[in-house]
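In my numbering, the protein residues as written are 35 to 242. The structure under discussion appears below in the form of structure tokens.
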Amino acid sequence: MTDTAELQRGAGGFDRSLLMAPAVEVAPLLLGAIIRKGEVAVRVTEVEAYMGSIDPGSHAFRGRTNRNQVMFGEPGHLYTYFTYGMHTCANVVCAPEGTASGLLLRAGEVIEGEDAARARRPKAASHAGLARGPGNFAQALGITLDDGGCDLAVGPVTLHVDEPASEYLTGPRTGVSGAGGTHEYPWRFWLPGDPTVSPYRAAVSRKR
DNA sequence: ATTAAGATCAACT
DNA sequence: GTTGATCTTAATG
């Protein structure tokens, strides 16, 4: 691409109007897109769509709460949440204001700032494993709860979209308990054959 | 104020 | 295949 195209992209690099659609329609656009924070940049290879009020797997299924309010806001912002006592997960907000929809960033390939990513993920064995899995993805980039609500056109976390993936596969979502995790909701999207894509796992039931 | 569950990961058998 | 680590959030009393 040309220098002027780079310049026009500026800090963020996406057309917000393209995100004014339900997450399942936006998913192919995010596959292959770049998420950057500071010196680390990741090429997205796997996402999951969450569809608000019609989706039993979504945090927004039972309406607006303090945690999920950014999903009801303007698309192109970052929704972060903390789970399992130790992991931050990051989503790109989709659909117009008032409609809660988002895409969970599940896996990607670190294409810039690998040293910084490795410093944050000392246990990662391989290059492909640096940003595999939603918790690891956020950790490799250094995304925390404080980044929640950030406008991806402005930063500190930015999104850079090129064009929609021409080929991708879909399947049931990983780790989603209850009805939302079944094949009735095949809302996981990934790039075929990419080594950074996380393996499928059914939701585990906790012992009591 | 208290509690139970969770859009997970890594280590272990 | 199974399990412990760890803490925010939302629901309940």
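Where is the CB? At the ideal position from N, CA and C, for every residue including glycine.
Query, Result
"So, are the CB atoms of Gly243 and Phe48 less than 8 Å apart?", "Since the displayed the chain opens at 35 and closes at 242, residue 243 lies outside it and no answer follows."
"From Ala150 to Gly142, what distance separates their C-alpha atoms?", "15 Å"
"Could you tell me if Ile168 is buried or exposed, where buried requires 16 or more neighbouring beta carbons within 10 angstroms of its beta carbon?", "What sits at residue 168 in the sequence shown is Pro, not Ile. It counts as buried."
"Between the alpha carbons of Ala187 and Leu193, how many angstroms are there, rounded?", "7 Å"
"How do the segment 196-208 and the segment 56-65 stand: do at least 3 beta-carbon pairs fall below 8 Å, yes or no?", "yes"
"What does the alpha-carbon distance come out to for the pair Gln42 and Tyr234?", "With a pLDDT of 45 at Gln42, under the threshold of 50, the modelled position of that residue is not reliable, and no figure is offered here."
"When you compare the CB positions of Ala172 and Ala124, do they come within less than 8 Å of one another, or not?", "yes"
"How is the beta strand (DSSP E) around Arg154 delimited, first residue to last?", "From DSSP, Arg154 is part of no beta strand (DSSP E) but of the alpha helix (DSSP H) over 148-154."
"Which of the three DSSP states, helix, strand or coil, is assigned to Gly142?", "strand"
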